[in-house]
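Take the position in the sequence shown, starting the count at 1, then add 97; the result is the number in our numbering. The C-beta atom is built at its ideal place from N, Cα and C for all residues, glycine as well. This one's a predicted model, so the numbers in the text were calculated from it and none came from an experiment. Following: one structure in C-alpha cells, then a few remarks.
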Amino acid sequence: MKTLHSLFVALMLFSAFSPVALAAPANGIWVTSTGDYFLLMTDSAKGQAVAVQVASDLGAASAYVGSVAGETLALKKLDQGSTLTATANGTTLSGSYVQSASGASDVFSANLNYTYVGSIYDGAWQKTDGTAYLAYLTVMFQGKPVSMVVDLTVFPDNTVSYDLIIGEAANNVFSGVSALNGKVLRITFSGTTASGTYSTATRQVAKFTAAQIFKIN
98 MKTLHSLFVA LMLFSAFSPV ALAAPANGIW VTSTGDYFLL MTDSAKGQAV
148 AVQVASDLGA ASAYVGSVAG ETLALKKLDQ GSTLTATANG TTLSGSYVQS
198 ASGASDVFSA NLNYTYVGSI YDGAWQKTDG TAYLAYLTVM FQGKPVSMVV
248 DLTVFPDNTV SYDLIIGEAA NNVFSGVSAL NGKVLRITFS GTTASGTYST
298 ATRQVAKFTA AQIFKIN
C-alpha cells in the first residue's frame with residue numbers, strides 16, 4: 098500500500114528552496130487518527146483557510162474551505178456539506194466533524210507530520226477552465242523542502258476528482274511526478290499566474306494556465 102511517507106522517501110529530492118521562518122503552527126500536512134493526510138493552508142491576515150484531506154491509501158480526496166481565528170478552524174467539506182471545527186495546539190489538532198444531514202458528530206484528531214516551510218507559490222491556484230484547482234504546499238521532509246501539489250477538479254455536485262504530485266521547485270519552476278498515474282507535472286510560475294503541462298514518457302498530454310486565488314499568510 099502506498100503512503101505519503103513512502104512516496105516522499107522514494108522521491109527524496111534536493112530542493113533549491115532556501116527555508117524561511119515557520120508560519121502559523123496550523124499550516125502543513127497533518128496525519129489524522131484514521132491515517133488520512135490533512136493538508137492545511139491558512140491566511141490568518143484574512144481569516145481564511147483551505148484544506149485537502151487525502152485518504153491513507155491515496156484512493157480519494159476531499160476539499161474544505163472556511164475560516165481561521167487564531168488557531169481555531171471552521172471548515173466546510175465541499176462534497177458532503179459536513180463541517181469540521183478544530184483547534185491547533187502545537188503539533189496536535191483536535192475537534193469534530195458534524196454531518197449536515199443528520200447532525201451526527203465524529204471526533205477529529207491529527208498530528209503534524211510534515212512542517213510547513215513555505216515558498217511564495219504556496220496556496221491555491223485556479224485553472225482558467227474554472228472547475229479545477231491546484232493546492233500547492235512546501236513542507237519539510239527529513240530536513241529538506243519538498244513540494245506537494247494536489248490537482249482537484251470540483252464537479253457541479255461538489256464531488257471531487259484529484260491527482261497527487263510530489264516534487265521539487267528550482268527558481269520559479271516546479272517539477273514532480275504523480276503518485277497515482279506516473280505523469281510528470283511541470284509548472285512555471287510568474288508572479289500570481291502560472292502555466293503547466295502534464296506529460297508521459299513519450300508525449301505531452303495536457304496543458305493549462307492558472308491564477309493564484311489564495312496565499313498562505
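Judged by their CB atoms, T189 and S206 are nearer to each other than the 9 Å cut-off. Where A146 is concerned, the enclosing beta strand (DSSP E) starts and stops at Q145 to V151.
The three-state reading of DSSP puts E265 in strand, counting E and B together. Excluding sequence positions up to five before and after K224, its CB lies within less than 8 Å of the CB of Y230, L231, F305, T306 and A307, all in the same chain and listed in chain order. Exclusion of the five residues before and after G132 leaves S153 as the residues of its chain whose Cβ lies within less than 6 Å of its Cβ.
The count of Cβ pairs closer than 8 Å, one atom from the segment 164-180 and one from the segment 276-288, stays below three, leaving the stretches out of contact.
Assignment of beta-bridge partners to P253 by DSSP yields no partner. Distance check between Y233 and each of L181, Q309 and G144 places Q309 closest, using alpha-carbon atoms only. If you draw a straight line from the Cα of S272 to the Cα of S287, it is about 15 Å long. Its Cα nearest to that of F135, the residue N210 stands out among A166, A142 and N210.
Taken in chain order, no unbroken stretch of alpha helix (DSSP H) lies wholly in the segment 218-246 with a span of 4 residues or more.
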